[in-house]
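Residue numbers (our numbering), protein chains in the order written: chain H, 1 to 156; chain B, 1001 to 1156.
Beta carbons are placed, not taken as given, at the ideal position from N, Cα and C, and that holds for glycine.
What follows is a set of notes on a single structure, which appears directly below.
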DNA sequence: TATTGTTATACTCTATAACTATA
DNA sequence: TATAGTTATAGAGTATAACAATA
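Here it is, written out as structure tokens:
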């Protein structure tokens, strides 16, 4: 029996295919969580990065956005009352972005939805999930990027 | 010692964080492979979907692009001599997109680069990689999307 | 009338460059 | 002079709608 010519590369033992499939599931899940809260992806990414109050410049660096984009993203969040711009009295050029109570409640909801394992694990039992997690952690090693929210945005 | 207030959700046993970190590594890797061949992401996605000749409509459906986008993507690939539009003699409305020899050689390179496990597995040994793969396969179950290349494009 | 592919257009996300107000 | 933020603008990627050719 000849090797099927449409599959020149054996895929049986490859990691990439199932990983990419799982990535697809996670993206669907993340978009559902974020869309359900009426947030755009950059707004969600920014909110998740605002665990602690940051200047817009710091937020841009942390999220690896160009600073010019932060204005519009924060505009939208501010219009919804989720964050406030507070002028730094020590340096009146900088605006410190502070999450409001409403914003904090919304981010809590977002995290609770986004960080659930259930949408990802299918029929894995608890021991297998733990095993999967350990293997992922070891695979990533020290190569984890500074801000996990980067994953949610297209790069470059 | 108080629980750090900046981490209201325990992350120690969660799957999402390391998965997202691994996704970030894969995206870097994929973008490097694709960029090195001078392809845009949609061009790469299209080429990878053209394992078998398809009409533009079929390609659009398979990739879940709107059909109007296929024109420009195929234009670019055709200019580089990677694919050809062949008018279907049985129905002169449809253009069958056929990968040329040059295109096939380039896709082979792309697959060889893209599908390597090494950039993903870090310090995992062969047995651990196999274990990780089995767990990923089981986690995904029958929920894998029809076309894995979807992962490479932002959705919605 | 329905379908394939194309064009024109609009919207989102991102980056670059020029501007302002502070420092 | 340098930095924080804003504005204007451009480019990529995607979708919708109208159109031409063909069925």
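Check                                                                                                                                                                                                : Outcome
For residue 1103 of chain B, I'd like the list of residues in its chain whose CB is within less than 6 Å of its CB, leaving aside the five on either flank, ordered along the chain.                 : 1082 and 1083
Taking only beta-carbon positions, decide if residue 53 of chain H is within less than 8 Å of chain B.                                                                                               : no
Under 8 Å Cβ-Cβ, which residues of chain B neighbour residue 69 of chain H?                                                                                                                          : Ordered by position in chain B, no residue passes the 8 Å Cβ test against residue 69 of chain H, which lies about 16 Å from the chain.
Roughly how far, in whole angstroms, is the beta-carbon of residue 22 of chain H from the beta-carbon of residue 1140 of chain B, given that I think they are within contact range, below 8 Å?       : 5 Å
Does any CB atom of chain B fall closer than 8 Å to the CB of residue 122 of chain H?                                                                                                                : yes
With a floor of 4 residues, list each alpha helix (DSSP H) that falls wholly inside the segment 17-71 of chain H, ordered by position along the chain.                                               : 41-49 and 56-63
As a quick exercise: from H/132, H/138 and H/114, pick the residue whose alpha carbon is nearest that of residue 1125 of chain B.                                                                    : H/138
Near residue 94 of chain H, which residues of its chain fall below 6 Å by C-beta distance, leaving aside the five closest residues on each side in sequence?                                         : 55 and 88
Return the chain-ordered list of same chain residues with a C-beta closer than 7 Å to the C-beta of residue 161 of chain H, the five sequence neighbours on each side being excluded.                : Nothing can be reported for residue 161 of chain H: it is not among the residues displayed for chain H, which extend from 1 to 156.
Can you tell me where the alpha helix (DSSP H) holding residue 1111 of chain B begins and where it ends?                                                                                             : 1101-1114
Use the C-beta contact count for residue 1043 of chain B: other C-beta atoms within 10 angstroms, 16 or more gives buried, fewer gives exposed.                                                      : buried
With 8 Å as the threshold, decide whether the Cβ of residue 6 of chain H is near any Cβ in chain B.                                                                                                  : With a pLDDT of 34 at residue 6 of chain H, under the threshold of 50, the modelled position of that residue is not reliable, and the figure given next carries that caveat. Yes, because at least one Cβ of chain B sits closer than 8 Å to the Cβ of residue 6 of chain H.
In terms of residues, what are the limits of the alpha helix (DSSP H) holding residue 1140 of chain B?                                                                                               : 1126-1140
If you count every other CB in all the chains shown that lies within 10 Å of the CB of residue 1006 of chain B, and 16 or more means buried, which is it?                                            : With a pLDDT of 35 at residue 1006 of chain B, under the threshold of 50, the predicted position of this residue should be treated as unreliable, though the coordinate-derived value follows. Answer is exposed; the Cβ neighbour count stays below 16.
Taking a contact to mean a Cβ-Cβ separation below 8 Å, would you say residue 1085 of chain B touches residue 1074 of chain B in this structure?                                                      : yes
Alpha carbon to alpha carbon, how far is residue 1039 of chain B from residue 27 of chain H? Give it in angstroms, no decimals.                                                                      : 23 Å
Just by C-beta distance, which residues in the segment 1124-1142 of chain B are closer than 8 Å to chain H?                                                                                          : 1124, 1128, 1129, 1130, 1131, 1132, 1133, 1135, 1136, 1137, 1138, 1139, 1140 and 1141
Helix, strand or coil: how does DSSP classify residue 1094 of chain B here?                                                                                                                          : coil
At a Cβ threshold of 8 Å, is residue 1144 of chain B touching chain H?                                                                                                                               : yes
Kindly list the residues whose CB is nearer than 8 Å to the CB of residue 1142 of chain B, restricted to its own chain and excluding five residues on each side of it in sequence; keep chain order. : none
Could you give the distance in angstroms between the alpha-carbon of residue 16 of chain H and the alpha-carbon of residue 1117 of chain B?                                                          : 7 Å
So if I threshold CB-CB distances at 9 Å, which residues from the segment 86-117 of chain H count as touching chain B?                                                                               : 108, 111, 112, 114, 115, 116 and 117
Mind checking the segment 17-31 of chain H against chain B and listing, in chain order, the residues whose C-beta falls within less than 8 Å of any C-beta there?                                    : 17, 18, 19, 20, 21, 22, 23, 24, 25, 26, 27, 28 and 31
Report yes or no: is there a C-beta of chain B within less than 8 Å of the C-beta of residue 14 of chain H?                                                                                          : yes
How about residue 1109 of chain B and residue 1047 of chain B: are their beta carbons less than 8 Å apart?                                                                                           : no
Hey, quick one: how far does the beta strand (DSSP E) through residue 1014 of chain B stretch, first residue to last?                                                                                : Run containing residue 1014 of chain B: none; DSSP gives neither H nor E here.
Using a 10 Å radius around the Cβ and a threshold of 16 neighbouring Cβ atoms, would you call residue 72 of chain H buried or exposed?                                                               : exposed
Between the Cα of residue 996 of chain B and the Cα atoms of B/1025, B/1041, B/1066 and B/1105, which residue gives the shortest distance?                                                           : There is no way to answer for residue 996 of chain B, as the model of chain B reaches only from 1001 to 1156.
Can you tell me the Cα-Cα spacing of residue 1144 of chain B and residue 145 of chain H, whole angstroms?                                                                                            : 27 Å
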